[in-house]
Amino acid sequence: MVDGALVAVLDVLLDAWDGQAEIHGWEIMHRTRRSGPSVYRALDKLEEMGWITASWEELKAGEQRPRLRYYRIVAEKVDLARARTAGHNRPSPRLRPRYGT
Amino acid sequence: MSGIEIVIGVVLGLIVNEATDLSPWLGRVLVRWAAGLEYAEDHPQRPVRTEELQALITVRPGKLLKLLTGMGFLSAAVLTRLRRLVGSDSDGSLAEALPPREYREDEPTTLVARYLFPTERYRGEWKRHWINVVKSGSIILLYGVLGVWVTQLRIKPQYAGFLTAAICVATLFLIAYRFLGWWFDRFVITNKRVMMTRGILWRRVRMVPLLRVVDIQYNQTVLGRLLSYGSFTSSDRTTRRTISQLRDLPNPNELYLRLLEEMYEPTAVEARLGVDDEDGEPAAPATDEVIAGLEKLILSIESLIVALGRSER
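Protein sequence lines correspond, in order, to chains A and B.
When you line the first sequence up against our numbering, it's residues 1 to 101, in that order.
When you line the second sequence up against our numbering, it's residues 102 to 414, in that order.
1) Pick helix, strand or coil for PRO209 (chain B), following the three-state DSSP scheme.
2) Looking only at C-alpha atoms, which of A:ASP15, A:ASP79, A:THR53 and A:VAL78 sits nearest to THR32 (chain A)?
3) Rounding to the nearest angstrom, what Cα-Cα distance links VAL2 (chain A) and VAL251 (chain B) in this structure?
4) Once DSSP output is grouped into helix, strand and coil, what is the label at THR272 (chain B)?
5) Decide if the stretch 124-134 of chain B is in contact with the stretch 147-166 of chain B; the criterion is three or more beta carbon pairs, one per stretch, under 8 Å apart.
6) Taking only runs of the alpha helix (DSSP H) that begin and end inside the stretch 293-355 of chain B, which ones reach a length of at least 4 residues, in chain order?
7) Roughly how many angstroms separate the alpha carbons of ILE107 (chain B) and GLY114 (chain B), rounded to a whole number?
8) Three or more C-beta pairs under 8 Å: does that hold for the stretch 221-238 of chain B against the stretch 344-363 of chain B?
9) Given a threshold of 16 other Cβ atoms within 10 Å of its Cβ, counted over all protein chains shown, does THR322 (chain B) qualify as buried or as exposed?
10) Quick one: which chain A residues come within Cβ less than 7 Å of VAL160 (chain B)?
11) Say whether the stretch 54-62 of chain A touches the stretch 27-41 of chain A, bearing in mind that this needs 3 or more beta-carbon pairs closer than 8 Å, one atom from each stretch.
12) How is HIS24 (chain A) classed by DSSP in three states: helix, strand or coil?
13) Please state the DSSP three-state secondary structure of ALA178 (chain B).
14) Going along the chain, which residues of the stretch 158-186 of chain B sit with their C-beta nearer than 7 Å to a C-beta in chain A?
15) Taking 9 Å as the cut-off, decide whether the C-beta atoms of GLY25 (chain A) and LEU154 (chain B) are in contact.
16) Looking at C-alpha atoms only, which residue of B:ASP286, B:TRP303 and B:ARG326 is the closest neighbour of VAL213 (chain B)?
17) What do you reckon, are the CB atoms on ALA135 (chain B) and GLY171 (chain B) nearer than 9 Å?
18) Decide if the stretch 265-275 of chain B is in contact with the stretch 239-247 of chain B; the criterion is three or more beta carbon pairs, one per stretch, under 8 Å apart.
19) Looking at the structure shown, is THR121 (chain B) part of a helix, part of a strand, or coil, going by DSSP?
20) Give the straight-line distance between the Cα atoms of LEU312 (chain B) and LEU10 (chain A), rounded to the nearest whole angstrom.
21) With 16 as the cutoff for other CB atoms within 10 Å, does LEU131 (chain B) come out buried or exposed?
22) Quick one: give me the first and last residue of the alpha helix (DSSP H) that ILE241 (chain B) is part of.
23) Consider the Cβ of ARG65 (chain A): report whether some Cβ of chain B lies at a distance smaller than 9 Å.
24) Would ASN233 (chain B) be called buried (16 or more neighbouring beta carbons within 10 Å of its own) or exposed?
25) Could you name the residues that DSSP lists as bridge partners for ILE290 (chain B)?
26) Is THR425 (chain B) helix, strand or coil when you go by DSSP?
27) From LEU302 (chain B) to TRP283 (chain B), what does the alpha carbon distance come to, in whole angstroms?
28) Express the C-alpha separation of LEU254 (chain B) and ARG341 (chain B) in angstroms, rounding to a whole number.
29) Can you tell which of A:TYR71, A:GLY62 and A:THR85 has its C-alpha closest to the C-alpha of ILE28 (chain A)?
30) Using a Cβ-Cβ cut-off of less than 9 Å, list which residues of the stretch 28-45 of chain A approach chain B; keep chain order.
31) Flag ARG150 (chain B) as yes if its beta-carbon sits less than 9 Å from any beta-carbon of chain A, otherwise no.
32) With distances taken between CB atoms, is the gap from ARG222 (chain B) to THR298 (chain B) smaller than 9 Å?
33) My understanding is that ALA345 (chain B) touches VAL309 (chain B), with C-beta atoms under 8 Å, so please give their C-beta distance in whole angstroms.
34) Can you check whether the CB of ALA81 (chain A) is closer than 9 Å to the CB of SER38 (chain A)?
35) Is GLN146 (chain B) close to chain A, meaning its C-beta is less than 9 Å from at least one C-beta of that chain?
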């Protein structure tokens, strides 16, 4: 089974890598259009495999609130991630019916 | 309570919800519980996710949506916890999550290959949409439940137990048979015909040559549009009689286009398949044409203005 959410999350992270940006969980959810739990399951898996790193948001002095966490793909894994996500589950501009549903 | 009162009640509820901070607070509480359920007591991610998900709820726009997101996280966490209790939680290795790319198109499965002749070009095969098995399965289930109910009402008690068991077994068997049937049924497109292979024990292969098809009617219900399935009805070129109706096909838009392409522009299929493996250069002739057209228009307007100016002088 190909994990569509994992591919979608990797896509977004690779995009962010191209733009040299770090993105947080909500942005990933928003851009992948996936549900929170499936995105976080994918993030868990990627973190466990060591493909991504995360850093806490820095709060201003005196600010008291839960911090966001920013994700970034690990430099060494970028090529591997690109190779592995190539061709998976993305709607292509050409006619390409999916195999069953 | 009239309809208007219900609507007013719902709207008022939404307004109160937007005006107070109840939903965001509840959303944060729910994700805290979710993180607690999802990760074990000593898991390093547990405090991390607890804080992070609360922050996520804070940045997520829409108060009611915050609550819904929280509920989503909690229900997923409950399911994970249940799955862990049952003990079927796969650890999810990379190989399982992202197997190397694999082409399933353009190569018929053994189910279909036996019905193709050697010179025929195969264009793809598809299972019916899952709604098909859900529909037939729920009808069988409905009859099963009715049967059990009637048995309990009308049959003498000494036979009722036996009959109930028999009905249950028959229902399960029929549902399983339908499911297998759905699993092995295939809708096939080749360059010569459209084919539908059906059945496990009794095998039926129906086909319509593309040459005979004059029009294809493509129907989609509201549910079909939501879940992406639809049906095709094709008519004969000469008699205009319906020669085949195919229900519950997946991704009907794409299938429809593919079928039409095969009927009217076979060369386009060849061209598309030919360049398929090179990574698509999105040459956009359409936009180029538009830009060229605009340039021409602007040039002609300019020349018109110049000509007018001359004539005034």
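By construction, the Cβ of each residue, glycine as well, lies at the ideal position given by its N, Cα and C atoms.
Values in this document were obtained by computation on a predicted structure and should not be read as measured data.
In this structure, then:
1) Coil.
2) THR32 (chain A) has its Cα closest to that of A:ASP15, out of A:ASP15, A:ASP79, A:THR53 and A:VAL78.
3) Bear in mind that a pLDDT of 48 at VAL2 (chain A), under 50, signals an unreliable position, so the model cannot answer this.
4) It is helical.
5) Contact holds: three or more Cβ-Cβ distances are below 8 Å.
6) Within the stretch 293-355 of chain B, the complete alpha helix (DSSP H) runs of at least 4 residues are 323-328.
7) Cα-Cα distance, rounded: 10 Å.
8) A contact exists between the stretch 221-238 of chain B and the stretch 344-363 of chain B.
9) Result: exposed.
10) By Cβ distance, chain A contributes TRP26 and LEU68.
11) Judged by pairs of C-beta atoms under 8 Å, the stretch 54-62 of chain A does not touch the stretch 27-41 of chain A, as fewer than three such pairs exist.
12) In the three-state DSSP reduction, HIS24 (chain A) falls in the strand class (E or B).
13) Helix at ALA178 (chain B).
14) Result list: THR159, VAL160, ARG161, THR170, GLY173, PHE174 and ALA177.
15) In contact: GLY25 (chain A) and LEU154 (chain B) (Cβ atoms closer than 9 Å).
16) Of the residues B:ASP286, B:TRP303 and B:ARG326, the one whose Cα lies closest to the Cα of VAL213 (chain B) is B:ASP286.
17) It is a contact, given that the beta carbons lie within the stated cut-off.
18) Contact between the stretch 265-275 of chain B and the stretch 239-247 of chain B is established, with three or more Cβ pairs separated by less than 8 Å.
19) Look at THR121 (chain B) here: in three-state DSSP terms it is coil, with no helix or strand label.
20) As the crow flies, the alpha-carbon of LEU312 (chain B) is around 45 Å from that of LEU10 (chain A).
21) Of the residues assessed, LEU131 (chain B) falls on the buried side of the cut-off, its CB having 16 or more other CB atoms within 10 angstroms.
22) Element bounds for ILE241 (chain B): 232-255.
23) It does; some Cβ of chain B falls within 9 Å.
24) ASN233 (chain B) counts as buried, since no fewer than 16 other beta carbons sit within 10 angstroms of its beta carbon.
25) Under the DSSP definition of a beta bridge, ILE290 (chain B) partners with B:GLY225 and B:VAL295.
26) The shown model of chain B, from 102 to 414, leaves out residue 425 (chain B), and the question about it has no answer.
27) Those two C-alpha atoms are separated by around 13 Å.
28) Taking the straight line from one Cα to the other gives about 51 Å.
29) Checking every option, the nearest Cα to that of ILE28 (chain A) belongs to A:TYR71.
30) Of all residues in the stretch 28-45 of chain A, MET29, HIS30, SER35, GLY36, PRO37, SER38, TYR40, ARG41, ALA42, ASP44 and LYS45 have a Cβ within less than 9 Å of some Cβ in chain B.
31) At least one chain A Cβ lies under 9 Å of ARG150 (chain B).
32) Result no, Cβ atoms of ARG222 (chain B) and THR298 (chain B) do not sit closer than 9 Å.
33) Looking at the sequence itself, residue 345 (chain B) is Ser, so the reference to Ala does not match. Sure, about 5 Å apart at Cβ, within 8 Å.
34) For SER38 (chain A) and ALA81 (chain A), no; Cβs fall outside 9 Å.
35) By this cut-off, GLN146 (chain B) is an interface position.
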